[in-house]
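Asks: Structure incoming, see below.
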Amino acid sequence: MSTAVMNLNSNRASRFYDTTIGKKVVMAVSGVVLFGFVVGHLVGNLQIYAGADKVNHYAKFLQSMPGPLWGARIVLLLCLILHVWSAFELWLLTREARPVAYKKKSNPNSSYASRTMIWSGPIIGAFLIYHLLHFTFGTVLPNGLARLENGDVNVYQNMIVGFSQPLVTLFYAIAVSLLGVHLYHGLWSMFQSLGVSHPSYTPRFKQFAAAASILISVGNISIPLSVLAGFVR
Ligand code: HEM
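In short: position in the sequence shown from 1, add 52, done, that's this note's numbering.
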């Protein structure tokens with residue numbers, strides 16, 4: 053491809069991103085990728101119920117493919133940056149369009165989930181930082197990362213130690229419930245941003261968004277609660 057054609061394409065892409073719909077599409081597409089990660093991560097974590105060996109083998113399996121693992125991490129990080137950046141720019145655009153705040157705050161057309169997007173996002177971001185310090189770096193685990201005799205990270209033991217602390221489990225429960233609310237509105241808006249909206253399918257999209265976000269929240273909350281309650285030890 054010649055430089056002129058590449059320049060033309062990148063100009064088109066940047067002009068598209070400058071529009072409100074362009075930012076919404078970037079937010080929707082990056083959100084789908086992040087959603088895929090959340091589902092995959094939950095399926096992996098639920099193996100805690102199958103015992104220590106199972107979940108530790110799963111973690112070892114992921115670590116045994118450094119190429120794809122780092123590829124996925126870079127794509128996820130890029131999607132996270134694009135998601136946060138486009139959300140921030142859309143928020144600025146809405147503020148500029150409405151310099152004087154509405155007298156009556158509650159807008160009957162905006163759901164609880166949509167009104168919480170702007171603060172559920174940053175709280176989930178804070179959770180993510182804590183979570184990485186918790187289980188990836190072990191910085192906030194009482195004794196740092198536990199390891200097996202062969203030196204591999206003992207993911208199972210780390211979760212048991214981590215979630216035996218009631219305040220930590222409470223924080224996870226709150227953050228993951230907020231993630232559910234965020235996903236509900238996010239999935240629902242994604243269908244609209246990508247133009248997949250039709251009176252006959254719309255109720256189904258809403259049902260899908262509700263079912264997916266509830267399942268993800270309940271699945272995620274079940275892990276710290278099961279540890280704290282002593283069902284998994
Ligand atoms: C209560 C539910 C959760 C549990 C039990 C959990 C557990 C874990 C564990 C044990 C690790 C370390 C894995 C390893 O070292 O191999 C990890 C990593 C991670 N978790 Fe979670 N997680 C939960 C929820 C979440 C959520 C909701 C998100 C995103 C919003 C998330 C994002 C991540 C990321 C980005 C990593 C780093 C992955 C990497 O090293 O590439 N986790 N999680």
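We put the CB at the ideal spot given by N, CA and C, even for glycine.
1) For residue 273, which residues from the same chain have a beta carbon less than 6 angstroms from its beta carbon, with the 5 sequence-adjacent residues on both sides left out?
2) Under the DSSP definition of a beta bridge, which residues are partnered with residue 205?
3) Contact check, residue 280 vs residue 194 under 8 angstroms by CB: the rounded distance?
4) Can residue 126 be considered in contact with ligand 1, in the sense that its beta carbon sits closer than 7 angstroms to one or more heavy atoms?
5) Would you mind reading off the limits of the alpha helix (DSSP H) that contains residue 73?
6) Excluding five sequence neighbours on each side, which residues of the same chain lie with their C-beta closer than 7 angstroms to the C-beta of residue 43?
7) Count the other CB atoms, across all protein chains shown, that sit within 10 Å of the CB of residue 83; report buried if there are 16 or more and exposed otherwise.
8) Is the beta carbon of residue 104 within less than 7 angstroms of some heavy atom of ligand 1?
9) With distances taken Cα to Cα, identify the nearest neighbour of residue 190 among 69, 213, 170.
10) Could you tell me which of 223, 102, 246 sits nearest to residue 208, measuring between CA atoms?
11) Let me confirm a value: residue 174 is counted as buried when at least 16 other C-beta atoms fall within 10 Å, else exposed. Which label applies?
12) Leaving out five residues before and five after residue 236 in sequence, what residues of the same chain have Cβ atoms less than 7 angstroms from its Cβ?
13) Smallest Cα separation from residue 92: which of 80, 128, 233, 74?
14) Who are the Cβ neighbours of residue 156 in its own chain at under 8 angstroms, not counting the five residues just before and after it?
15) With a 10 Å radius around its C-beta and 16 neighbouring C-beta atoms as the bar for buried, classify residue 161 as buried or exposed.
16) In angstroms, rounded to a whole number, what distance separates the CA positions of residue 182 and residue 275?
17) Within 10 angstroms of its Cβ, does residue 240 collect 16 or more other Cβ (buried), or is it exposed?
18) When you compare the CB positions of residue 185 and residue 72, do they come within less than 8 angstroms of one another, or not?
19) At 4 residues or longer, what runs of the alpha helix (DSSP H) sit wholly inside the stretch 89-147?
20) Between 284, 267, 283, which has its C-alpha nearest residue 87's C-alpha?
21) Look up residue 189 in the DSSP assignment and say whether it is helix, strand or coil.
22) Return yes when the Cβ of residue 233 is within less than 8 angstroms of the Cβ of residue 168, no when it is not.
23) Out of 187, 78, 223, state which residue places its alpha-carbon closest to the alpha-carbon of residue 246.
Replies: Let's see:
1) On the sequence shown, residue 273 is found 221 positions in, with the first residue counted as 1. Cβ within range, chain order: 225, 228.
2) Here residue 205 is taken as the residue at index 153 of the sequence shown, counted from 1. Under the DSSP definition of a beta bridge, residue 205 partners with 199.
3) Reading the sequence shown from its first residue, position 228 is the one you call residue 280. Reading the sequence shown from its first residue, position 142 is the one you call residue 194. At roughly 15 angstroms, the Cβ-Cβ gap does not stay under 8 angstroms, so residue 280 and residue 194 are not in contact.
4) What you label residue 126 is simply residue 74 of the sequence shown in a count that begins at 1. False, no ligand heavy atom lies under 7 angstroms from that Cβ.
5) Position 21 of the sequence shown holds residue 73. For residue 73, the enclosing alpha helix (DSSP H) stretches over residues 72-97.
6) A query on residue 43 cannot be resolved here, the shown segment of the chain reaching from 53 to 285 and no further.
7) Translated into the one-based positions of the sequence shown, residue 83 becomes position 31. Buried, since its Cβ has 16 or more Cβ neighbours within 10 Å.
8) Counting from 1 along the sequence shown, the entry for residue 104 is found at position 52. No.
9) By one-based count along the sequence shown, residue 190 stands at place 138. Cα-wise, what sits closest to residue 190 is 213.
10) In the sequence shown, counting from the first residue as 1, residue 208 sits at position 156. Of 223, 102, 246, the residue nearest in Cα terms is 102.
11) Position 122 of the sequence shown, counting from 1, holds the residue named residue 174. Residue burial is scored here from C-beta neighbours: residue 174 has fewer than 16 other C-beta atoms within 10 angstroms and is therefore classed as exposed.
12) By one-based count along the sequence shown, residue 236 stands at place 184. Answer for residue 236: 165, 261, 262, 265, listed in chain order.
13) Taking the first residue of the sequence shown as position 1, residue 92 is located at position 40. Looking at the Cα atoms, 128 is the closest of the given residues.
14) Working through the sequence shown from its first residue, we reach residue 156 at position 104. Annotation note: pLDDT 48 at residue 156 (below 50); position unreliable, coordinate value reported separately. Result list for residue 156: empty, nothing under 8 angstroms.
15) Position 109 of the sequence shown, counting from 1, holds the residue named residue 161. Note on residue 161: pLDDT 47, under 50, position unreliable in the model; no value is reported.
16) Mapped onto the sequence shown, residue 182 falls at position 130. Mapped onto the sequence shown, residue 275 falls at position 223. For residue 182 and residue 275, the distance between alpha carbons rounds to 17 angstroms.
17) Here residue 240 refers to the residue found at position 188 when the sequence shown is read from its first residue. A residue is called buried once 16 or more other Cβ atoms fall within 10 Å of its Cβ, and residue 240 is buried on that count.
18) Your numbering for residue 185 matches position 133 in the sequence shown. Your numbering for residue 72 matches position 20 in the sequence shown. No, the Cβ-Cβ distance between residue 185 and residue 72 is not below 8 angstroms.
19) Correct list: 104-115.
20) The sequence position of residue 87 within the sequence shown is 35, counting from 1. Nearest option by C-alpha distance: 267.
21) Within the sequence shown, numbered from 1, the residue matching residue 189 stands at position 137. The answer is coil: DSSP assigns residue 189 none of H, G, I, E or B.
22) Here the question's residue 168 lines up with position 116 in the sequence shown. Here the question's residue 233 lines up with position 181 in the sequence shown. Yes.
23) For the purposes of this step, residue 246 is taken as the residue at position 194 of the sequence shown. It is 78 whose Cα lies nearest to the Cα of residue 246.
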